[in-house]
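For the protein sequence lines, the chains are P and L, in the order given.
The first sequence begins at 69 in the numbering used here and counts up by one.
The second sequence begins at 7 in the numbering used here and counts up by one.
Cβ atoms here follow ideal geometry from the backbone N, Cα and C, with glycine treated the same way.
All figures in this text were calculated on a predicted structure; none of them were measured in a lab.
The structure under discussion appears below in the form of structure tokens.
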Amino acid sequence: MKKQYLGLIIVISIVSLVLFSFILYNQWPLMVGKKVVLVTQPVDPFDLFRGQYMSINYEISRINGVEGFGKGDSIYIILKEDKQGIWRKEKVSKSKPQAEYFIKGKIAYTYKGGVRVKYGIEQFFFENHAKLPTRNITVEIGVTNSGRAKLSHLLHNGKPIEIEYEKFDIKS
Amino acid sequence: MLDQKQIKQWLKEGTINQAQANKMLADSTQEKSNKFIAMIAIIGAILIFIGFAWLIAKNWHQIPNVIKIMILGFVTLAAFVLGVFSRQHHQEGLGRSLITLGALLFILSLFLISQIYHLPTTTQHYAWLLLFAWVTILITAYLLDSPENLVVSMLTFFLWVFLQYSSSVLKSGGFRGGSIFGLILIFLSTGALLFGLSSLHNSIKHKFTNIYRFWTILYFLLIFYTLSFQLNLPVLSEYSLKGITSSVFLVLFTLSCFFGFIMGTLIAFNKGSISLKEIFGFIGVLVILFILVLSTKAGVGLTGTCYAKTCYGFKTEVECNSAPDPLVCEWVVNQWNPEGDCSPASCYNYKTEVECNSAVTKLDCNWENNRCNEQKRLNHNAYKICSKYNNQKKNCAEQELCRWSYHNSWSILKGLPTILWLLWIFNNLVFIGFIVLILWYGQKIGSIKIVSLALFAFIVEIITRYIGFWFHFRGYFAFSILAILGGFLLIFGAWFMPKWRRKIINETKQSEGELR
Chain P
69 MKKQYLGLII VISIVSLVLF SFILYNQWPL MVGKKVVLVT QPVDPFDLFR
119 GQYMSINYEI SRINGVEGFG KGDSIYIILK EDKQGIWRKE KVSKSKPQAE
169 YFIKGKIAYT YKGGVRVKYG IEQFFFENHA KLPTRNITVE IGVTNSGRAK
219 LSHLLHNGKP IEIEYEKFDI KS
Chain L
7 MLDQKQIKQW LKEGTINQAQ ANKMLADSTQ EKSNKFIAMI AIIGAILIFI
57 GFAWLIAKNW HQIPNVIKIM ILGFVTLAAF VLGVFSRQHH QEGLGRSLIT
107 LGALLFILSL FLISQIYHLP TTTQHYAWLL LFAWVTILIT AYLLDSPENL
157 VVSMLTFFLW VFLQYSSSVL KSGGFRGGSI FGLILIFLST GALLFGLSSL
207 HNSIKHKFTN IYRFWTILYF LLIFYTLSFQ LNLPVLSEYS LKGITSSVFL
257 VLFTLSCFFG FIMGTLIAFN KGSISLKEIF GFIGVLVILF ILVLSTKAGV
307 GLTGTCYAKT CYGFKTEVEC NSAPDPLVCE WVVNQWNPEG DCSPASCYNY
357 KTEVECNSAV TKLDCNWENN RCNEQKRLNH NAYKICSKYN NQKKNCAEQE
407 LCRWSYHNSW SILKGLPTIL WLLWIFNNLV FIGFIVLILW YGQKIGSIKI
457 VSLALFAFIV EIITRYIGFW FHFRGYFAFS ILAILGGFLL IFGAWFMPKW
507 RRKIINETKQ SEGELR
């Protein structure tokens, strides 16, 4: 009997630890990271397990004029804020830069004279059947000192986005 | 488990007295009832899992994220706690289902967290989630003595292996050549690991022995069953040894599985719970499977479709501009495609008379009614040119215009090459041979479940081949012959199968009794 309870305590500890660590790992960039706003080009598909989401392309998703990168390589984009408060690419580096503001990505593929980069912040999940504007969208993200980014929220014309939700219906 | 008929027989023979018979009958009824309750409760757990999964997919904005996580986290932990307490209070069925519910809700919690933090929707990300899931659930299975959680963990493990390998394969350009061979290695090494674990658990008389044994057999039956399909042979025949070591996951996984197999069988052998004959028997099964897969090479390139290339397939400007006749492609650079893209050229793309008249001569454009019109369609001829080389890989590959694809295996329904017919018949004979082997093994160890599984596999094989013949031989005559044959088969089966099953199960029970 005691063995079962001891097993239960260990199970609860492990399950809680895994869930808590997973939350903390994802929350960390939003808790301690620097806030950065990026320009987007969105579309919206559906994910079987997690519902409707918007797939987001960023201005910095395609980087032209860089060479020497291969598929799967890490890339660091050094960011600089413009007058509108948008953070844009200033420089590109293969190794971790000394600059204060930068974001780390992985090369998805290369093309003649450029690279396609993924940062892990290319999707935004929202309620099924909800409507939201798809133009003039910017995204506020949190970035850690290592360049790891997490999506915080969407902005529309620089203000928090207003999502139009479907009225609650038991059949929805 | 004892049945009432057996107990009454023993009572009649005087092997047991009335009091013993009553006790045995009561135990037998109780055991059946417990199993039934557990089954119903587990269906309930699965329904709750589906309900929560839909709620997560709906992603209600009214519930704040923190509350969502707290609800699911709390329900997950509560399910584990209540499950253990129910078991302590002799509610075995309820307890087991609650513990399983805890495991299923844990998987959903991981998906909920990844939804809240907008984590990627890539195959690799799903593989990570499933890795966390199967490892944690496996731990709960052992600590809480839950066979159901072990099954959930195994299913999650299989899915993880496939997704993780797919992720590494997709990065290197899809399932072809070396990737197919890699997949074969993964399947075989997973089977070896299952056998190793099964032997290890048997050697220490662990409660999970029968589960591992059952799943090992089911796993190999499924592999043999997969090989018994004509459609799969051309796909497998495309395997190649080139590029198989490019995946780190493949190397690590295969080595770990064979390490698990060697350790498991070695420990079991040292403890005397497995004989050399059994080990070599299993290695023999692995070798036969490997030979069956390798032999598909004899039919490589004999079935498949020869498609015409399309402009979208050319990735560089040079390739695009020199597309083979009759394709007419152009390299388009615009605000949506800043890096450029190869698209089919069309007269309708030209908006002015000057542009229209200066279009490439192959297009043969003509300015009329204020628009640029096409005089004749060129690209549709490409399809006709290439389709002549269907089922001729070598000739297809020699055409600059064409590309070979083994994927459209439906073309084999029009006529399977003799070598593939022979291979297919051989594979089916081997499959039936394996079923017979499992029947023998089930009887030897006195396991009714394994015997029933083998019988079920035999019925599935017969039904599958019958449906296969329907696909192959269409037309009035074949339809009538197959319908009559099918009818006779069912009538014969209705008479023979229950008799056969009863006989085998009785023999198995006898050997189960002897083993006790």
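Item to complete: Tell whether a beta-carbon distance below 7 Å holds between ILE171/P and GLY215/P.
Response: Inclusion of ILE171/P and GLY215/P in the CB contact set at 7 Å is warranted, their separation being smaller than that value.
Practice prompt. Could you check how far apart the C-beta atoms of SER129/P and ARG184/P are, in whole angstroms? I think they sit under 8 Å.
Written response: Contact between SER129/P and ARG184/P holds, with the beta-carbon distance rounding to 6 Å and staying under 8 Å.
Fill in: Contacts that SER115/L makes with chain P (C-beta to C-beta distance below 7 Å)
Contact note: SER115/L reaches chain P through LEU87, using a C-beta cutoff of 7 Å and chain order.
Item to complete: Figure out for me which residue from LEU200/L, MET76/L, TYR148/L, LEU189/L has the closest Cα to the Cα of LYS213/L.
Response: Taking only the C-alpha atoms, the option nearest LYS213/L is TYR148/L.
Worksheet item: So, is ALA460/L buried or exposed, given that buried needs 16 or more other C-beta atoms within 10 angstroms?
Response: So ALA460/L counts as buried.
Worksheet item: Among residues of its own chain, excluding the 5 on either side of LEU150/L, which ones have a beta-carbon nearer than 6 Å to its beta-carbon?
Response: Same-chain partners within the cutoff: ILE105.
Worksheet item: Comparing the C-beta of ILE229/P with each C-beta of chain L, is any distance below 7 Å?
Response: ILE229/P is outside the set of residues whose beta carbon lies under 7 Å from a beta carbon in chain L.
Worksheet item: Do the CB positions of ILE186/L and GLU244/L come within less than 7 Å of each other?
Response: Contact flag set, yes.
Worksheet item: Which class does GLN120/P belong to by DSSP, given the choice of helix, strand or coil?
Response: In the structure shown, GLN120/P falls within a strand segment according to DSSP collapsed to helix, strand and coil.
Worksheet item: To the nearest angstrom, how far is it from the Cα of ILE146/P to the Cα of ILE175/P?
Response: Roughly 16 Å between the two C-alpha positions.
Worksheet entry | Spatial distance of THR196/L from VAL141/L (CA atoms) | CA-CA distance, THR196/L to VAL141/L, rounds to 16 Å.
Worksheet item: Are any of the Cβ atoms in chain L nearer than 7 Å to that of LEU222/P?
Response: So, not an interface residue.
Item to complete: Out of SER159/L, ASN23/L, ALA351/L, point me to the one whose CA is closest to ASP370/L's CA.
Response: Nearest of SER159/L, ASN23/L, ALA351/L to ASP370/L, Cα basis: ALA351/L.
Worksheet item: With burial defined as no fewer than 16 other Cβ atoms inside 10 Å of the residue's Cβ, what is the status of ILE497/L: buried or exposed?
Response: A residue is called buried when at least 16 other Cβ atoms come within 10 angstroms of its Cβ; ILE497/L does not meet this threshold and is exposed.
Worksheet item: From this set, LEU435/L, ALA403/L, PRO423/L, ILE444/L, which residue's C-alpha is nearest GLY287/L's C-alpha?
Response: Nearest C-alpha to GLY287/L: ILE444/L.
Item to complete: Return no unless some Cβ of chain P is closer than 7 Å to the Cβ of VAL254/L.
Response: Answer no: the Cβ-Cβ gap between VAL254/L and chain P never drops below 7 Å.
Practice prompt. Below 6 Å CB to CB, which residues in the same chain sit around GLU380/L once its five sequence neighbours on both sides are set aside?
Written response: These residues qualify, in order along the chain: CYS353.
Discussion item. Beta-carbon within less than 7 Å of LEU242/L's beta-carbon, same chain only, minus the 5 sequence neighbours each way: which residues are those?
Written reply: Closer than 7 Å at Cβ, skipping near neighbours: ILE186, VAL299, THR302.
Discussion item. Give me the residue from LEU435/L, LYS248/L, LEU194/L with the minimum Cα distance to THR222/L.
Written reply: For THR222/L, the closest alpha carbon among the candidates LEU435/L, LYS248/L, LEU194/L is that of LEU194/L.
Item to complete: Consider the Cβ of ARG196/P: report whether some Cβ of chain L lies at a distance smaller than 7 Å.
Response: According to the sequence as given, residue 196/P is Asn; it is not Arg. Interface residue, yes.
Practice prompt. With GLU527/L as the anchor, note down where its beta strand (DSSP E) starts and where it stops.
Written response: What the structure shows of chain L is the stretch from 7 to 522, and residue 527/L is not part of that stretch, so it cannot be assessed.
Worksheet item: Are the CB atoms of TYR225/L and LEU203/L nearer to each other than 7 Å?
Response: Not in contact: TYR225/L and LEU203/L (Cβ atoms no closer than 7 Å).
Item to complete: For GLU154/L, count neighbouring C-beta atoms within 10 Å of its own C-beta (all shown protein chains included) and say buried if the count is 16 or more, exposed if not.
Response: Counting every other CB atom within 10 Å of its CB across the protein chains shown gives GLU154/L a total of 16 or more, marking it as buried.
Discussion item. Our contact map puts LEU135/L next to LEU116/L with C-beta atoms below 8 Å; I'd like the distance itself, whole angstroms only.
Written reply: Yes, they are in contact, since the Cβ atoms of LEU135/L and LEU116/L sit about 5 Å apart, within 8 Å.
Worksheet item: Nearest-angstrom Cα distance between LYS70/P and GLY79/L?
Response: Straight-line Cα distance between these residues: approximately 25 Å.
Fill in: 7 Å CB neighbourhood of GLN405/L in its chain, flanking five on each side removed
CYS392, TYR395, listed in sequence order.
Worksheet entry | With 16 other Cβ atoms within 10 Å as the buried cut-off, status of MET160/L | Buried, by the Cβ-count rule.
Discussion item. Using a Cβ distance threshold of 8 Å, determine whether the region 194-201 of chain P contacts the region 56-76 of chain L, with at least three qualifying pairs required.
Written reply: At 8 Å Cβ cutoff, the stretches touch.
Discussion item. Give me, in chain order, the residues of the same chain whose beta-carbon lies closer than 7 Å to that of ALA388/L; leave out the 5 immediate sequence neighbours on both sides.
Written reply: These residues qualify, in order along the chain: ALA314, PRO332, LEU333, LEU407.
Worksheet item: Quick one: Cα of LYS177/L to Cα of ASN40/L, how far?
Response: Looking at the two C-alpha atoms, the distance is approximately 49 Å.
Worksheet item: Who pairs with LYS199/P in a beta bridge, going by DSSP?
Response: For LYS199/P, which the question treats as bridged, DSSP gives the partners GLU232/P.
Discussion item. So, with DSSP's three-state summary, where would you put ALA304/L?
Written reply: Residue state for ALA304/L is assigned as helix, using DSSP reduced to three classes.
Worksheet item: In three-state terms, what does DSSP make of ILE154/P?
Response: In the three-state reduction of the DSSP assignment, ILE154/P falls in the coil class, being assigned neither a helical nor a strand state.
Worksheet item: Going by beta carbon distance, what residues of the same chain come within less than 7 Å of PHE201/L, once the five residues before and after it are set aside?
Response: Scanning its chain for C-beta atoms nearer than 7 Å, with the 5 sequence neighbours on each side dropped, one finds around PHE201/L the residues THR222, PHE267, PHE288, in chain order.
Practice prompt. Tell me whether ARG216/P sits in a helix, a strand or coil according to DSSP, three-state version.
Written response: Coil.
Worksheet entry | Identity of the residues DSSP links to GLY182/P by a beta bridge | Per DSSP, the beta-bridge partners of GLY182/P are ASN132/P, TYR179/P.
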